[in-house]
Amino acid sequence: MGVRLIKAIILGVLVGAAGFFFGLADPGIDLEEDIGLRTLFRLRGPRPAPTEVAVVSIDKDSSDALNVPNDLRKWPRSFHARLVERLSKAGASVVVFDLIFDEGRDSHDDLLFAAAVGQAGNVVLFQRLRSEKIDLSNKGDAPAGSLYVVQTVSPIAPLAESAVALAPFPLPKVPN
Numbered sequence: 514m515g516v517r518l519i520k521a522i523i524l525g526v527l528v529g530a531a532g533f534f535f536g537l538a539d540p541g542i543d544l545e546e547d548i549g550l551r552t553l554f555r556l557r558g559p560r561p562a563p564t565e566v567a568v569v570s571i572d573k574d575s576s577d578a579l580n581v582p583n584d585l586r587k588w589p590r591s592f593h594a595r596l597v598e599r600l601s602k603a604g605a606s607v608v609v610f611d612l613i614f615d616e617g618r619d620s621h622d623d624l625l626f627a628a629a630v631g632q633a634g635n636v637v638l639f640q641r642l643r644s645e646k647i648d649l650s651n652k653g654d655a656p657a658g659s660l661y662v663v664q665t666v667s668p669i670a671p672l673a674e675s676a677v678a679l680a681p682f683p684l685p686k687v688p689n
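Residue 629 in our numbering sits at position 116 of the sequence shown, with consecutive numbering throughout.
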């Protein structure tokens, strides 16, 4: 190998390592999120939202209009059942809920919702991710490190069985 090639390889490794470690540090992450992503989106240009997708947003205005609590977890599941029925009648090809239904509530409403989900045949429900930290120890008492075990928690059985699919929705736990 020539001297120039060796110098180029060493320079490439050094620049790559510096970029890797800078990217792991807070200033590097901030730079990427604030400048890098914004630049890429500007270069790509605006894109129209797909016409075949509709997002049904549930917010404070919705809860006020329906006279239900602002906390979505406290809404009667009969509301979700009616929503699925209406979306199905309107011709929705897929309905996805980004709510977690892993605890039973009013059994009548739960079964009503499960029946609507099963009848529609196109509803995807989310699974919650539960993380557990396990400390590993050496032969002594000092911890040798930690292990994180992530498990999916499915919706209650009637809903899980009636849904066409279940899927976790992992989001990074960072400020942005």
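In this text, a Cβ means the ideal position worked out from N, Cα and C, and glycines have one as well.
DSSP-derived helix/strand/coil call for residue i
i	result
ILE523	helix
ASP574	helix
ASP584	coil
ALA657	strand
ASP547	helix
ILE647	strand
PHE614	coil
GLU565	coil
PRO671	helix
ASP622	helix
GLY604	coil
PRO540	helix
GLY631	helix
Short Cβ contact (7 angstroms threshold) for residue i with residue j
i	j	result
VAL636	ALA603	no
ARG590	ASP611	no
SER667	LEU679	yes
PHE535	GLY529	no
SER575	ASN583	no
LEU737	ALA594	Any answer about residue 737 is impossible in this case: the structure gives the chain only from 514 up to 689.
ILE669	LEU660	no
PHE639	PHE682	yes
GLU645	VAL662	yes
Classification of residue i by the beta-carbon crowding that lies within 10 angstroms, buried from 16 upward
i	result
PRO559	exposed
GLN664	exposed
PRO563	exposed
PRO671	buried
VAL493	Nothing about residue 493 can be read from this structure; the chain reaches only from 514 to 689.
VAL607	exposed
ALA633	buried
Counterpart residues of residue i in DSSP-defined beta bridges
i	result
THR665	LEU642
ALA680	PHE639
VAL609	VAL637
Can we say the segment 584-601 touches the segment 620-637, given the rule of at least three CB pairs closer than 8 angstroms?
Yes, they touch.
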